[in-house]
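> If you use our numbering, the sequence shown corresponds to residues 243 to 757, in order.
C-beta: ideal position from N, C-alpha, C; glycine also.
Computed from a prediction, not measured in an experiment: that's the story for all the values here.
Got a structure for you, questions after.
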Amino acid sequence: MPIKIALIGAGSIGFTRRLMGDVLTVPELADTNFAFTDISQQNLDMVTQLCQRDIESNGLSATIEATLDRERALADADYVLCTIRQGGLAAFQTDIDIPLKYGVDQCVGDTLCAGGIMYAQRTIPALLDFCEDIRAFAKPDALLLNYANPMAMNVWACNKYGRVPTVGLCHGVQGAHWQITSVIEHWAKREGLLGPEEKLHRRDVDVVAAGINHQTWFVKVQWRGRDMLPLLLEMFEAHPTFPTTEKVRIDVLRRFGYYSTESNGHLSEYLPWYRKRTDEIKQWIDLSSWINGETGGYLRVCSEGRSWFETDFPRWLQEEPHKFTPETRSEEHGSYIIEALETGRIYRGHFNIVNQNHITNLPNGCVIEIPGYVDKNGINMPVVGDLPLACAATCSASVRVQEMGMEAAVHGDVTLLKQAMLHDPLIGAVCNPEEVWQMTDEMLVAQAQWLATYQEAIPATRQRLEKAERDGTRVTLRETEGAARLKTRSVAELALDREGARANAAAADKGKMTR
243 MPIKIALIGA
253 GSIGFTRRLM
263 GDVLTVPELA
273 DTNFAFTDIS
283 QQNLDMVTQL
293 CQRDIESNGL
303 SATIEATLDR
313 ERALADADYV
323 LCTIRQGGLA
333 AFQTDIDIPL
343 KYGVDQCVGD
353 TLCAGGIMYA
363 QRTIPALLDF
373 CEDIRAFAKP
383 DALLLNYANP
393 MAMNVWACNK
403 YGRVPTVGLC
413 HGVQGAHWQI
423 TSVIEHWAKR
433 EGLLGPEEKL
443 HRRDVDVVAA
453 GINHQTWFVK
463 VQWRGRDMLP
473 LLLEMFEAHP
483 TFPTTEKVRI
493 DVLRRFGYYS
503 TESNGHLSEY
513 LPWYRKRTDE
523 IKQWIDLSSW
533 INGETGGYLR
543 VCSEGRSWFE
553 TDFPRWLQEE
563 PHKFTPETRS
573 EEHGSYIIEA
583 LETGRIYRGH
593 FNIVNQNHIT
603 NLPNGCVIEI
613 PGYVDKNGIN
623 MPVVGDLPLA
633 CAATCSASVR
643 VQEMGMEAAV
653 HGDVTLLKQA
663 MLHDPLIGAV
673 CNPEEVWQMT
683 DEMLVAQAQW
693 LATYQEAIPA
703 TRQRLEKAER
713 DGTRVTLRET
723 EGAARLKTRS
733 VAELALDREG
743 ARANAAAADK
753 GKMTR
């Protein structure tokens with residue numbers, strides 16, 4: 243019997259078309275039944291039209307049912323994929339703009355810091371609703387594969403409170419694995435160990451990464467049986483581009499001895515050292531690509547991508563449909579996990595799961611990212627042991643912020659939410675306690691329409707801000723666009739580079755997008 247895969251948030255063009263195509267490169271899954279669901283009929287219709295053309299062009303028997311009825315989409319589903327952005331770009335805008343007024347300058351704002359914590363407050367209640375429907379309507383053993391950020395808090399809530407087996411999937415490890423492969427290739431050519439025309443693939447370099455999502459550390463790197471960890475700093479410093487684009491990551495590597503999986507811009511906002519002084523931010527980032535540290539960079543590329551897709555959509559329908567071949571299959575984990583579970587072919591990747599003594603110096607119950615193996619028997623996660631102490635210390639600080647943020651979202655607890663903000667490394671480095679309290683109140687009021695668990699608390703929150711204005715106790719706000727913000731381009735400006743605009747709109751991994 244064909245399997246059924248439900249995609250929640252299927253109006254996401256980059257993820258939906260990509261993930262469906264990945265699944266359909268597997269011969270045994272060519273007759274999969276897909277159920278697309280979203281809250282936007284327009285987005286759902288556009289994506290479904292493109293995906294239906296792709297299926298027909300490849301001559302496959304797979305089917306798509308697109309519906310706004312989530313219960314119908316989930317009925318008898320074997321797998322559920324989630325790619326939602328709760329609150330959309332409007333809420334995302336406030337995640338970036340409001341903290342800036344308090345001196346908190348973020349590049350991404352979707353995992354930790356003020357933006358990531360508030361994103362969890364919007365997303366977790368929605369995910370718990372999904373989990374309730376999965377338990378009621380999907381197959382009894384249905385697996386939730388979550389792509390939505392903030393990854394760790396979301397997966398934590400789904401497993402603890404949603405009572406649905408949930409695995410979080412991210413492509414950060416793959417991207418950093420390619421970087422390590424690149425520096426080894428450059429070094430090996432200089433040492434005469436590779437010929438001038440030889441190329442390395444990341445499968446040639448064995449790695450183990452462990453930590454928490456977006457703070458995962460390469461604790462093992464081997465090439466041709468040689469331990470490459472002692473040489474990583476030297477190799478990164480000698481690379482032709484990384485000393486410019488990855489200044490934060492290389493500095494952390496210099497001081498910790500381990501390379502982080504996540505991008506320069508991401509990592510810079512999870513730590514208390516690199517974005518706390520506005521006049522120093524530019525020395526740690528690079529504006530050749532948003533992901534290297536641009537203020538609000540991810541918001542900008544997402545906004546540009548959505549504007550271009552909606553404008554350019556008629557031309558997309560005139561293009562050649564996608565071909566489903568092994569060569570076009572992406573490195574996103576989702577299809578490989580489903581293939582392994584359905585066929586028994588073994589797949590190794592790095593997944594976000596609940597810690598149960600897998601990393602022994604991080605708390606049990608938190609969500610960690612470690613290597614795992616998938617086959618017919620399920621998803622199997624080996625024990626990693628202790629993280630190096632500096633890596634564990636950094637992760638531990640974030641884990642407690644995640645725990646408070648997750649619990650606050652579940653229970654609508656304003657005090658706990660403010661305590662999560664207060665303990666966030668970057669916020670704590672920039673703001674005093676009263677600034678944290680008022681910033682959180684302002685974000686709660688601005689995002690009230692998307693905050694299901696805080697509705698009873700919003701009136702009092704609004705009154706506190708108004709009282710502070712009347713009493714003259716409102717903290718001093720900054721008038722700033724950020725230390726390194728680029729203008730969001732109009733459709734007319736994007737049209738000057740149609741190929742780049744199209745690539746951005748279609749990408750699931752927008753980390754590769756440049757200016």
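1. Figure out for me which residue from Leu-668, Asp-280 and Gly-539 has the closest Cα to the Cα of Ala-639.
2. CB Ala-362 to CB Met-646, shorter than 8 Å?
3. Nearest by alpha-carbon distance to Met-393: which of Asp-554, Gln-464 and Gly-351 is it?
4. Among Arg-444, Thr-486, Val-643 and Ala-671, which has the Cα closest to the Cα of Leu-658?
5. Quick one: is Lys-752 buried, meaning 16 or more other Cβ sit within 10 Å of its Cβ, or exposed?
6. Can you give the Cα-Cα distance for Ser-424 and Met-681, rounded to whole angstroms?
7. What residue range is occupied by the uninterrupted beta strand (DSSP E) comprising Asp-617?
8. Looking at Tyr-500: is its Cβ nearer than 8 Å to the Cβ of Cys-637?
9. Rounded to a whole number of angstroms, what is the C-alpha to C-alpha distance between Ile-612 and Leu-436?
10. Ignore the nearest five residues each way along the sequence and tell me which others in Arg-259's own chain have a CB closer than 8 Å to its CB.
11. Just curious, the alpha helix (DSSP H) that Arg-364 is in, first and last residue?
12. Once the 5 residues before and after Gly-256 are set aside, which same chain residues still bring their CB inside 7 Å of it?
13. For Ile-588, report the span of its beta strand (DSSP E) as first-last.
14. Give me the DSSP bridge partner(s) of Leu-385.
15. Kindly indicate which three-state DSSP category Asp-311 falls into: helix, strand or coil?
16. Within the segment 429–482, note down every full alpha helix (DSSP H) run reaching 4 residues or more, in order along the chain.
17. Indicate whether Gly-417 and Leu-369 have their beta-carbon atoms separated by less than 8 Å.
18. Considering only residues of the same chain and omitting the five flanking positions on each side of Ile-376, which have a CB-CB separation below 7 Å?
19. Once DSSP output is grouped into helix, strand and coil, what is the label at Leu-668?
20. Helix, strand or coil for Asp-751 per DSSP?
21. Could you check where the beta strand (DSSP E) with Thr-279 kicks off and where it finishes?
22. Going by the beta-carbon positions, is the gap between Thr-503 and Thr-458 smaller than 8 Å?
23. Starting from Leu-509, follow the beta strand (DSSP E) in both directions and report where the run begins and ends.
24. Ends of the alpha helix (DSSP H) at Thr-703?
25. Put Phe-257 into one of helix, strand or coil per three-state DSSP.
26. Any idea what DSSP makes of Ala-252, helix, strand or coil?
27. Please work out which residues of its chain come closer than 7 Å, Cβ to Cβ, to Met-262, disregarding the five sequence neighbours upstream and downstream, and give them in chain order.
28. Can you look up Arg-757 in the DSSP assignment and give me helix, strand or coil?
29. Would Gly-507 and Gly-547 qualify as a contact pair, given that the criterion is a beta-carbon distance under 8 Å?
30. Provide the residue span of the alpha helix (DSSP H) that contains Val-409, from first to last.
31. If I measure Cβ to Cβ from Thr-305 and keep anything under 6 Å in the same chain, skipping five residues before and after, which residues do I get?
32. Three or more C-beta pairs under 8 Å: does that hold for the segment 327–338 against the segment 683–690?
33. Can you tell me the Cα-Cα spacing of Val-641 and Ala-252, whole angstroms?
34. Would Asn-391 be called buried (16 or more neighbouring beta carbons within 10 Å of its own) or exposed?
35. Which residues bound the alpha helix (DSSP H) around Gly-404?
In short, the structure shows the following:
1. When the alpha-carbon of Ala-639 is set against those of Leu-668, Asp-280 and Gly-539, the nearest one is in Leu-668.
2. Not closer than 8 Å, so no.
3. Ranking Asp-554, Gln-464 and Gly-351 by CA distance to the CA of Met-393 puts Gly-351 first.
4. Check the Cα spacing between Leu-658 and each of Arg-444, Thr-486, Val-643 and Ala-671: the tightest is with Val-643.
5. Burial is judged here by how many other beta carbons sit within 10 angstroms of a residue's own beta carbon; Lys-752 has at least 16 and is buried.
6. Roughly 42 Å separates the two Cα atoms.
7. First-last of the beta strand (DSSP E) with Asp-617: 609–617.
8. No. Outside cutoff.
9. If I take the Cα positions, the gap works out to 30 Å.
10. Excluding sequence neighbours, Arg-259 sits near Val-289, Leu-292, Cys-293, Asp-296, His-564 and Ala-748.
11. Arg-364 -> alpha helix (DSSP H) spans 355–379.
12. Excluding residues within five positions, the ones whose Cβ falls inside 7 Å are Ala-748, Ala-749 and Ala-750.
13. Looking at the DSSP string, Ile-588 is not in any beta strand (DSSP E), and its letter there is neither H nor E.
14. Paired residue(s): Tyr-321.
15. Looking at Asp-311 - three-state DSSP - the assignment turns out to be coil, as it is neither helix nor strand.
16. The qualifying runs are 474–480.
17. The Cβ atoms of Gly-417 and Leu-369 do not sit closer than 8 Å to each other.
18. Excluding positions up to five away in sequence, the list reads Leu-316, Val-322, Ala-384, Leu-386 and Val-406.
19. In the structure shown, Leu-668 adopts helical secondary structure according to DSSP, grouped into three states.
20. In the structure shown, Asp-751 sits in coil (DSSP, three-state: anything other than H, G, I, E or B).
21. Unbroken beta strand (DSSP E) run through Thr-279: 275–279.
22. Between Thr-503 and Thr-458, the gap from beta carbon to beta carbon is short of 8 Å.
23. Premise fails: Leu-509 lies in the alpha helix (DSSP H), 506–512, not in any beta strand (DSSP E).
24. That run of the alpha helix (DSSP H) goes 700–713.
25. Looking at Phe-257 - three-state DSSP - the assignment turns out to be helix.
26. Ala-252: coil per DSSP, three-state reduction.
27. Close CB contacts of Met-262 within its chain, under the 7 Å cut and outside five residues either way in sequence, are with Phe-276 and Cys-293 (chain order).
28. Reliability of the predicted coordinates at Arg-757 is poor, the pLDDT of 49 falling under 50, and the value obtained from them is presented with this limitation in mind. Three-state result, Arg-757: coil.
29. Between Gly-507 and Gly-547, the gap from beta carbon to beta carbon reaches 8 Å or more.
30. Counting along the chain, Val-409 falls outside any alpha helix (DSSP H), though it belongs to the beta strand (DSSP E) covering 408–410.
31. Take Thr-305, set aside five residues on each side of it, and the residues of its chain with a beta-carbon closer than 6 Å to its own are Asn-275, in chain order.
32. Contact holds between the segment 327–338 and the segment 683–690, because three or more Cβ pairs, one in each stretch, are under 8 Å apart.
33. So the two alpha carbons sit approximately 30 Å from each other.
34. Under this definition Asn-391 is a buried residue.
35. Counted as a single uninterrupted DSSP element, the stretch harbouring Gly-404 is not any alpha helix (DSSP H), since DSSP gives it neither H nor E.
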